[in-house]
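Just so we're aligned, residue 1 is where the sequence shown starts under UniProt numbering, counting upward by one. Glycine included, each C-beta is placed from N, C-alpha and C at the ideal position. Only one structure is covered here, and it is reproduced in the block below.
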Amino acid sequence: MQKVLFQLNDLCFSYFQRTIEKQVLNFINKQVRAGEYLALIGGNGSGKTTLAKHLNGLLLPTSGSLAVDGMDTANQNNLLAVRQTVGMVFQNPDNQIVASVVEEDVAFGPENLGVDAAEIKQRVVMALETVGLAGYRNFTPDFLSGGEKQRLALAGVLAMKPKCLVLDEATSMLDCAGRYRLLKIISNLHKETGLTVVNITHDMNEAALSDRIWVLNKGQIILDGPPRKVFQQRELLHECGLDLPDIPEICRRLSISGLAVPLDLLDSEDLVNYLCQ
Ligand SMILES: Nc1ncnc2c1ncn2[C@@H]1O[C@H](COP(=O)(O)OP(=O)(O)OP(=O)(O)O)[C@@H](O)[C@H]1O
Ligand SMILES: [Mg+2]
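Structure representation (structure tokens):
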């Protein structure tokens, strides 16, 4: 069995504004193993971004603890190693791009980690290759499209050789093709290199691509399981402001209109095969 990458014990977090305490995460006890592909879903304000920021030590638990690859994030001495282990990609790539030349931007992360120059060069080439931007090395990031910028942000994270990638609505500003391309790169990395992925998304079809889903509601994980199981809980998801992905929704409607289709299908091909039997 793979080793535990994230260990959350009674994790609570509150934001404090002057004298007002706002508890956002409530006693989360969970584990994520290396190599998992997890989707984190939940309504607006349920605490997803707050939880994501805990995963690489950008926020620290108010009480309880979080260990990343065995390292307690509350220990200052671990912070650099934690940040290196868990790479983050956020919604807006403009907030993550720091340099005025593509290859310098990708080199920024490893430079800060103190990686030597020859190794940085190799990593930049590899990362740009992986995200399909090898021909853009000398470009100014300003001239890239939104999808290309997001792939550049991903390359910058990959150049730090993280064990885990946390994506916080990283595809939400992209069009359909850009979204597909980014997800394909991430899925290949997951399959080929065993990269652990935590994908925060409002897109249920995207969540359906994962191996495991956490549903966050009012700071608690109220559902945890494979997509097939989680998407059986339509009522509960609805209460959290979440819809079913397309295929489970189509199956549900077919079933209501009297066609006996299985309700745990996720893939359009499986549905087509079933209907053509
Ligand atoms: N810096 C902050 N100070 C005070 N409250 C905050 C702060 N950041 C977030 N919050 C509050 O914490 C709660 C959780 O916010 P968070 O951004 O984690 O939710 P989310 O699930 O990511 O939402 P969304 O789907 O809109 O991105 C919200 O009620 C939000 O208003
Ligand atoms: Mg958020």
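inquiry  = With H, G and I counted as helix, E and B as strand and the rest as coil, what does DSSP make of L265?
reply    = coil
task = Figure out for me which residue from D105, D168, R33, L182 has the closest Cα to the Cα of D142.
result = D105
ask   = Across which residues does DSSP place residue 278 in a beta bridge pair?
value = Coverage of the chain is limited to positions 1 through 277, which leaves residue 278 absent and any answer about it impossible.
query = So the beta strand (DSSP E) L38 belongs to, where does it begin and stop?
reply = 37-41
request  = When you get a sec, list the residues whose CB is within less than 7 Å of any heavy atom of ligand 2, chain order please.
outcome  = K48, T49, D168, E169, I200
task = Measure the CB-CB distance between A34 and Q2 and report whether it falls below 7 Å.
result = yes
message = Considering Cα atoms alone, identify which of S65, G45, N44, P227 is closest to H54.
response = S65
query = Based on Cα-Cα distance, which residue from E36, K48, L5 lies nearest to F13?
reply = K48
query = With a Cβ-Cβ cutoff of 7 Å, do Q96 and S172 count as a contact?
reply = no
inquiry  = Among the candidates M160, Q122, K121, whose CA atom is the shortest distance from the CA of N112?
reply    = M160
task = Determine the direct distance from the alpha carbon of P162 to that of N75, and round the result to whole angstroms.
result = 19 Å
request  = With DSSP as the reference, please indicate the residues paired to T196 in a beta bridge.
outcome  = C164
query = Anyone know if the C-beta pair for A208 and P226 falls short of 7 Å?
reply = no
key: Alpha carbon of E269 to alpha carbon of L80, nearest angstrom   = 44 Å
message = Let's test the definition: count the other Cβ atoms within 10 Å of the Cβ of Q17 and tell me whether it reaches 16, buried, or not, exposed.
response = exposed
ask   = Does the Cβ of T19 have 16 or more other Cβ atoms within 10 Å, making it buried, or fewer, making it exposed?
value = exposed
message = Which of the three DSSP states is assigned to L79 in this structure?
response = helix
ask   = Assuming M204 contacts L242 under a Cβ cut-off of 8 Å, what Cβ separation, rounded to an integer in Å, is found between them?
value = 7 Å
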